[in-house]
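Take a look at the structure set out below.
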Amino acid sequence: MEQRHLAAKSHWYHETQSRPCPAETPVRVADLPRVADAFLLDCPWPDTLCAADAPWLETARALARLYFPPRVALDRLHTLSPYDRLSTALTVAQVYGVQRLCSHYSARLAPEPGPDSSRESNHRLTQITQFARQLAGNPSCIDNAATRQLLSVGLTENDVVTFVHLIGFVGFQARVIAALHAFNGMTARWLPGMDIPGDAPADRFLSLAEPAGEPALAPEPYTPPVTCGADTAPLHPLSGVLARDPESWRLLNRLTVATPDAHTACLIRLLSARVTGSLPCFMAASHDWSLDQALPEAIRNGERAIHAWGHGHPRFREIIEPVLLMIRAPSRIGAGHIAGLTARGLNSAGSFQLLTRAALAGWINRLNISLYGRPS
């Protein structure tokens, strides 16, 4: 018997091809997800936090509108349809297990007509779904060959840059919302079968030399000057490639998240780069680290060495565990982790800054891995 997937249900099966069904009842406007906040998805703002302490939220909302507009103008250089964008967002949300995101992007995707049922369309959808899942959940397996393979299924170089930005953005969004859930005292939900992904292989970090890498894509012929902060400095060699989506690049550089001090920010960058496997980001953070020089070596060697280092540095010990959990499995962050940060002496604003800084670092790591990765 022929299998059929109706378009309105295809969000559950978006790795396979769905066919629009003319007989399907149109989705009423009232059925579509309505949220006042395109980034936080109407997640309640905790009483213990002041929105004024998070000025980056307006930039994050602008990015949400940029990646998921009501209509997308397609041309020969920009072919990512609303279905492509929303199915990718749902894939990433499912990797991180943050239910608010899964429900939102599932509802957004449901009324979108799926692509046609040709073999080429099916292959394209499968390829971008697989890439999104790997970059979100196991970024260390991505190299230049994996990124360039997206070109072979019909994405343009401009599409690829937007695509990896979108994956990084949804990961950032998932982590921020997971942190807010924890501040609101919501119980962390562990979905069955969702294990915490492993860290990048340690052998990638054995060499002390600057990593050899090459851009996965050709740069834009004209690259407007962009000022990089400490967070985005590892992306400077990619400025020409990132200029293929200049608005994303501009807004990402505005999306700076303050932390209680520069040393804490650098520790977060080191941990995130080690977990995800971004050697250029790790080396940049190592150069910026000005305290105990044993820390970068401990992080190279893995979690046991990290915690051993933390025992001798109580100032940082209590933040390592929640930051690592935010990097690896944001849906498991709970109120107990916030209480631990508070016990360390951080106020609510400082604790939120730590977790959101880890969220931003993950986005930057994934851009570097996918666009300036290991030579194929």
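Basically our numbering = 1-based index in the sequence shown + 1.
Beta carbons: idealized from backbone N, C-alpha and C, even for Gly.
Going by DSSP in three states, residue i sits in which element: helix, strand or coil?
{"i": "H79", "result": "strand"}
{"i": "P315", "result": "helix"}
{"i": "S153", "result": "helix"}
{"i": "Q294", "result": "coil"}
{"i": "S240", "result": "helix"}
{"i": "D289", "result": "helix"}
{"i": "D38", "result": "coil"}
{"i": "A9", "result": "The pLDDT assigned to A9 is 42, lower than 50, so where the model puts this residue is not dependable; a value taken from the coordinates is nonetheless given after this. A9 falls in the helix class under three-state DSSP."}
{"i": "V324", "result": "helix"}
{"i": "P235", "result": "helix"}
{"i": "R101", "result": "helix"}
{"i": "M187", "result": "coil"}
{"i": "R305", "result": "helix"}
{"i": "R345", "result": "coil"}
{"i": "A219", "result": "coil"}
{"i": "I197", "result": "coil"}
{"i": "T310", "result": "A small fix is needed here, since residue 310 is Trp in this sequence, not Thr. Reduced to three states, the DSSP call for W310 is helix."}
{"i": "R176", "result": "helix"}
{"i": "P71", "result": "coil"}
{"i": "C44", "result": "coil"}
{"i": "S107", "result": "helix"}
{"i": "A94", "result": "helix"}
{"i": "V171", "result": "helix"}
{"i": "A340", "result": "helix"}
{"i": "S208", "result": "coil"}
{"i": "P114", "result": "coil"}
{"i": "T89", "result": "helix"}
{"i": "A53", "result": "helix"}
{"i": "C282", "result": "helix"}
{"i": "A259", "result": "coil"}
{"i": "A31", "result": "With a pLDDT of 35 at A31, under the threshold of 50, the modelled position of that residue is not reliable, and the figure given next carries that caveat. Helix at A31."}
Following the continuous alpha helix (DSSP H) through residue i, name the residue where it begins and the one where it ends.
{"i": "W250", "result": "P247 to R255"}
{"i": "T265", "result": "A263 to T277"}
{"i": "I334", "result": "Segment: none, I334 is in no alpha helix (DSSP H) and carries neither H nor E."}
{"i": "E59", "result": "L58 to Y68"}
{"i": "N366", "result": "S349 to L372"}
Cutting at 7 Å between CB atoms, please list the residues of its own chain near residue i, excluding the five before and the five after it.
{"i": "A259", "result": "Q354"}
{"i": "W250", "result": "V227, L243 and A244"}
{"i": "I328", "result": "L272, S273, V276, A359 and G363"}
{"i": "H124", "result": "V154"}
{"i": "A168", "result": "In the sequence under discussion, the amino acid at residue 168 is Ile, which differs from the Ala named in the question. Result list for I168: T89, V93, A133, L136, A137 and R367, in chain order."}
{"i": "C229", "result": "L236, H237 and N254"}
{"i": "G241", "result": "P220, E221 and T224"}
For residue i, I'd like the list of residues in its chain whose CB is within less than 6 Å of its CB, leaving aside the five on either flank, ordered along the chain.
{"i": "D160", "result": "T80 and L81"}
{"i": "V171", "result": "A90 and V93"}
{"i": "R345", "result": "E319"}
{"i": "A350", "result": "D54"}
{"i": "G186", "result": "A336"}
{"i": "A61", "result": "F40"}
With a CB to CB cut of under 8 Å and the five nearest residues on each side skipped, what residues in its chain are close to residue i?
{"i": "L1", "result": "Examination of residue 1 is not possible in this model, given that the chain is present from 2 through 377 alone."}
{"i": "A63", "result": "L252"}
{"i": "E304", "result": "D200 and L325"}
{"i": "G311", "result": "F317, R318 and I321"}
{"i": "D76", "result": "none"}
Taking 8 Å as the threshold, find out whether the region 308 to 319 comes into contact with the region 123 to 138 through three or more Cβ pairs. no
Contiguous alpha helix (DSSP H) assignments of at least 4 residues, all confined to the region 116 to 168: 120 to 138 and 145 to 153
Please determine if the region 165 to 178 and the region 96 to 110 are in contact, where contact requires at least 3 C-beta pairs separated by less than 8 Å. yes
Touching by the beta-carbon criterion (3+ pairs, under 8 Å), the region 290 to 305 and the region 330 to 347: no
For the pair the region 138 to 153 and the region 68 to 76, tell me if three or more CB-CB distances fall below 8 Å. no
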